[in-house]
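Right, one structure below, let's go through it.
Protein chains in written order, with full-length UniProt numbering: chain L, 1 to 810; chain G, 1 to 810.
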């Protein structure tokens, strides 16, 4: 356990490293040659062109405007300035609501921190349990619940308590101030005086914090659900509003899937059915298309090369990576290959459309009105509830095409398999890693590869290997864990990317909770914990954990600083994409399209990001009553992360899909879980302090919290699952009035076509020319700042937010 | 613990008492003066008239046909003869499916009993653990798992095992027979020989029993759900098919509830909305109507009296019960009272219809088609999911009118309160009872009422009080428990009687499981158990219970015989309704209507009956592997109960509502719960027998069972919750073709009117005259046997089932 000064040192180190990251970011981002790394979002939106095409040669790469360097932290207020509505328009509702998670953290923890510091820290500090005991203790412990004497003081404790009473007269004077916090304090003091038991303070605080958290959660749920409904209502026409995904179409000997679907819906939704699109099994076609794309890229590269050096005709070899094989004229070769592939693709395309075996038993059915789609998505169609399953169609770009045709029984079995696999992954993942670790030691290497012995025996290398190898297997596993969880979700059969990410996030949270949170508190592998818990009574489990919690406060403070402060600052620097982009740009980038692809804007990554935030909520709520000194660190994390992620969402991340904040019920549920866990652990901790009379009062807290959760679930969750008919009818009526001659059929005709079928259209009008054309002909709001970060005050007034070079306008 | 012979004695006593009940029933039921007690169902259906109106005076009361006495058990085959379809028509689907619970019991336990007796009893019997030990044991124990030696035999056990091996050669010869059971046996024997561990038999049996139970459960779920869908599809037009119950209509300052509902549904379901009926707060009107009914009854009585003795003009007193007050002419008095009440009722009726404050924020909305109703019931209507809540309307007679207008927030709070209250009821109900018991002892009585001392001190009375008083508080509590649970469900706010009964049944099952099942195994109150479990590890709980289970087998065998055999036989005798009917008939019955009401046919009472059957399922599944000797007793219970309840449903019980077997998911879920409990307890028991290597195999059983349950839930439960659009559309189309000119509006106009508003129509055409008329003018299939149980062979051929006097026809 570290003392306050040691924490101070750690804080200094982490603040310095965070600052270093931020300074580096501020310097790197205004260099034009890093533009694509730090502002890819604007490139993807077509609002920004490569700065490499114009201007003086040097200023293309290095920012020579020194005034820019002086205001290097200006991106922070800039990131906060874009109003919420514009942000929704710019980056989607998902991103905005994702940011609200950080805001919720601030809303919960800022008042809690203030109350905790004005009430609990004095109460903890003014005790002498640790001072009068023989235990070793640190300053941090003096501020925590450990410093409170047990409730029934033994004879030799009594003089301490009376001692305390006289010393704490200053608290009485503050207690008479007339604000609410002080009233609470006063009540605490009274009860404490009468019972000579300071745990009443903690009890009252636990109630206060619970009520405050629930209040914030309810407000947030309310506003997110109204944002979602407003977003769905106000946004422009989208194909998924009219479309329902039908799965498990039963096989029929007489009719094809397409005919069957048409007949079924014409019969059962006669007034509303419009058209449908069947789902094809297009895996072969997809591989052909991707091959053609690669060839096209090579052709572009050689044509570019040839147009620069007209004298040298480019040659290539037909073998692997152009390294061996017959030498041929590159342009001719790739042109003929593309022609061959185009033919094959069109044959395959026709074959798929004609061959009934390539049609999967699933379809996207579109309706004439939103009302019809809402009705179909929410009702059961057939007698057999495993056939003709309908649900809202995900957005076209959100569809996960591979999982559309899994039959019902197979889905049940997959779910069981994954549940068992996840259990073993969570509790037994240490077994294979320990096995690898036992192999990957010096002796193992020497045994497996005797010729390495002389090298390995060198002292420096030996110590590196010994320090490095045992950890590496675990590190690799933890890096791949999100991918493994994602694969599990894919196997489980979800049909949209958003659902895949949501499920992976839930699993990742469970893993973090068991292996990071519990694993840090009770050292030992998850399996050992499980084994312990199996042999402990239900009473003892919260007690065992609760007792260890105050002792781990310093560990978690350090964790917050390293992972939260420095980690977030590193996120904004984007070191990995920066290096990869420049490496790619230097070695591989052949065409403009390649450069586009080398950008790697990334996305929010809900499946890894959200569970990590949830760990902070958990830590904050657990330690709020026990060791409130942890709270300020938490608040700094939430504040910094909010600013950083707002900046990243505006300038960097590319939105992969729009689920209209469908993840909020999960976020809400996990915060409530954290709240219940914190209450149970406090109960366990207090029961070891002989404060048994407070147990019934503590016991009601989880019951109240769970019933609060159930209330919220009933009140707000339907907004995330169902679509009210009133809304649908309203929008339908409005649209009918506004556009009486709308041809909905042609609008929906090709909305849900597998991306590979769409590829043909893309091929025809080439991506690069399109982008370049746009850059030249379509002047947009942010175009003036596209090529140079020079000041342009005239434009600044028209644009409320300046993504690049905004420091000049301010 | 009782030996086999003691069990034999107990069995003899219980068989004799059961037989005595059955004989008494057989004799009493053919007496005409008991006709209304044993065949009330036929009276209620109007297919049977009072036998008191015709025939010779003596034969009106006593059956003089002595041949009838010879065939006194013939009601049993008769009860089994009515085919299922006719039974559905006669008594509703609910009753038929309720009988299927007993059939399911037979289907599960008959094969299990056969396998258990051919495999497990020999395996258990041929061990010598108990013989070679110093423990006291009985014959029952020799047949149970207690007789199996621990898995790792200690040195002094080894000679026993080898001893066994040579002795059991006869089992090998039987093992080569080629039926499946023997194959299983053979495999068991092999594994047992190789590992010298007979627990493999129990393990294989646990798997076999689980798979068989799941197989039967799946088949039953399948057939019940198809029966339900068929019932809903094939039955004639019913108002609830077209109607949806709308609750939580938001208040509107400008419009009345009725207008609001009409506008909302005209806007949001423009093509389907037909009419609606608002719900009135009619509690005052209901009390007036019931008062008028009482007066009418008195009037009938006095008119009857006067018509017999024309000379004596009947007088009555206006005070309480006609015992004091002013003496007035009875007929005049009651006529004027009725007139006054009629006026008041019509005023009140108009007032309710006019006064907007008496309209509750709920309505029954009817649609033009079943499709429209199905859509509205399954979708969310408004943005705010706590307003405009729609659900299928229950059948008109199933509606629980008092709960229709509870707001959403209040519902959540009520649910929380009841959950907490039920927890305390289950675990702490012994506290007030123990308190009452401590008061109600001899000393307490003498203290409270000293004048009773001389009486109480008499030895005989003293011993009666001492034996009787302590138990009476508990008895009274247990008698009132179902009523208490029903009140809880009513407070919780369910809107239909069927839902009320289902919820009460769930609670009653939990109570029985904790206080009867666990309470018998681990003696002590539920609270003591809870306290124990809180202080035991998750590993130890099944072990503690598992170890005590084999020792309690004889107790439960006796329980099955007393409660199951004799109890069921007493049920068919209907002793209580018999006595009450004759008492009422003698003292109170004034008019024919009174006699009708004195019949008390009763109903199935799902809320108390089903949980008690579930206790038998639990016992059977738990003891199937551990002490298979219990199984035959179970099978006899299920067989007897099936016959008895089939008879009662045909002849006695009155159907209160029809929920179309909506309770089956609950029944299925509870049997699965029993299965999982049995597996966990077996795991606990085996872990004490040092058979730890079998734990992983046993561990997979609950996982498989739970996932089976989840599969069934997904596959079959929707049939009980939702209504497929395909079905609705099919019926709509058929109806449109068959009855193109149907006036649905007039059909639905008054379907959902509060019963008190309907009362007016009933008053006009009097109930008695109606019944009598029907008896005279409408000849029905069963009419010939109405007045005398004399043989009538000519009619017997036309009637497939003979409810009364059927013995003559056979």
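Positions of the beta carbon are idealized from the N, C-alpha and C atoms, including for glycine.
Under the three-state reduction of DSSP output, residue 392 of chain G falls in the strand class. Proximity of residue 534 of chain G to chain L, defined by a Cβ-Cβ separation below 8 Å, is satisfied.
Contact of residue 241 of chain G with chain L is not assigned, every C-beta pair being separated by 8 Å or more. Within the model, the alpha-carbon separation for residue 250 of chain G versus residue 387 of chain G is close to 6 Å. Taking 7 Å as the Cβ-Cβ cut-off, the stretch 360 to 384 of chain L approaches chain G at 374, 375, 378, 379, 380, 381, 382 and 383, given in chain order. For residue 636 of chain G, the nearest beta carbon of chain L is not closer than 8 Å to its own beta carbon.
For residue 273 of chain G, the uninterrupted beta strand (DSSP E) segment begins and ends at 273 to 280.
One finds 383 and 385 in chain L with Cβ atoms closer than 8 Å to the Cβ of residue 719 of chain G, taken in chain order.
If only complete runs of 3 or more residues are kept, the stretch 602 to 643 of chain L shows no beta strand (DSSP E) anywhere. DSSP places residue 736 of chain L inside the alpha helix (DSSP H), whose first and last residues are 725 to 738.
The three-state secondary structure of residue 495 of chain L, taken from DSSP, is coil. For residue 715 of chain L, a Cβ of chain G is located within less than 8 Å of the residue's own Cβ.
G/508 is the residue among G/535, G/577, G/508 and G/628 whose C-alpha sits nearest the C-alpha of residue 666 of chain G. The three-state secondary structure of residue 87 of chain G, taken from DSSP, is helix.
The alpha carbon of residue 554 of chain L has as its nearest neighbour, out of L/316, L/539, L/511 and L/626, the alpha carbon of L/626. The count of Cβ pairs closer than 8 Å, one atom from the stretch 614 to 628 of chain L and one from the stretch 104 to 120 of chain L, reaches three, so the stretches are in contact. Taking a contact as a CB-CB distance under 8 Å, the pair residue 615 of chain G and residue 512 of chain G counts as one, their CB atoms being some 5 Å apart. Note on the stretch 214 to 287 of chain L: whole beta strand (DSSP E) runs with a minimum of 3 residues are 243 to 247 and 273 to 280, in chain order. With contacts defined as CB atoms closer than 8 Å, residue 405 of chain G and residue 279 of chain G qualify as a contacting pair. Per DSSP, the continuous alpha helix (DSSP H) segment holding residue 708 of chain G begins and ends at 695 to 716. The beta-bridge partner set that DSSP reports for residue 316 of chain G consists of G/328. Per DSSP, residue 572 of chain L is one residue of the alpha helix (DSSP H) stretching across 567 to 573. For residue 534 of chain L, the secondary structure class from DSSP, reduced to helix, strand or coil, is helix. Using a CB distance cut-off of 8 Å, residue 257 of chain L does not count as an interface residue toward chain G. Here residue 302 of chain G is buried, its C-beta having at least 16 other C-beta atoms within 10 Å.
The beta carbons of residue 381 of chain G and residue 726 of chain L sit about 6 Å from each other, so the pair counts as a contact at 8 Å.
Judged by DSSP in its simplified three-state form, residue 483 of chain L adopts helix. Under the Cβ distance rule, residue 595 of chain L does not count among the residues neighbouring chain G, no pair being separated by less than 8 Å. Flagged as an interface residue toward chain L: residue 724 of chain G, by a C-beta distance shorter than 8 Å. When the alpha-carbon of residue 608 of chain G is set against those of G/480, G/682 and G/330, the nearest one is in G/480. Residue pairing of residue 360 of chain G in beta bridges, as defined by DSSP: G/279.
Interface annotation, residue 452 of chain G: not in contact with chain L, CB-CB separation never under 8 Å. Burial of residue 541 of chain G is indicated by the presence of at least 16 other C-beta atoms within 10 angstroms of its C-beta.
With fewer than 16 other Cβ atoms inside 10 Å of its own Cβ, residue 700 of chain L counts as exposed. Taking the Cα positions, residue 231 of chain G is about 31 Å away from residue 636 of chain G. Comparing alpha-carbon positions, the option among G/37, G/707 and G/366 lying closest to residue 751 of chain G turns out to be G/366.
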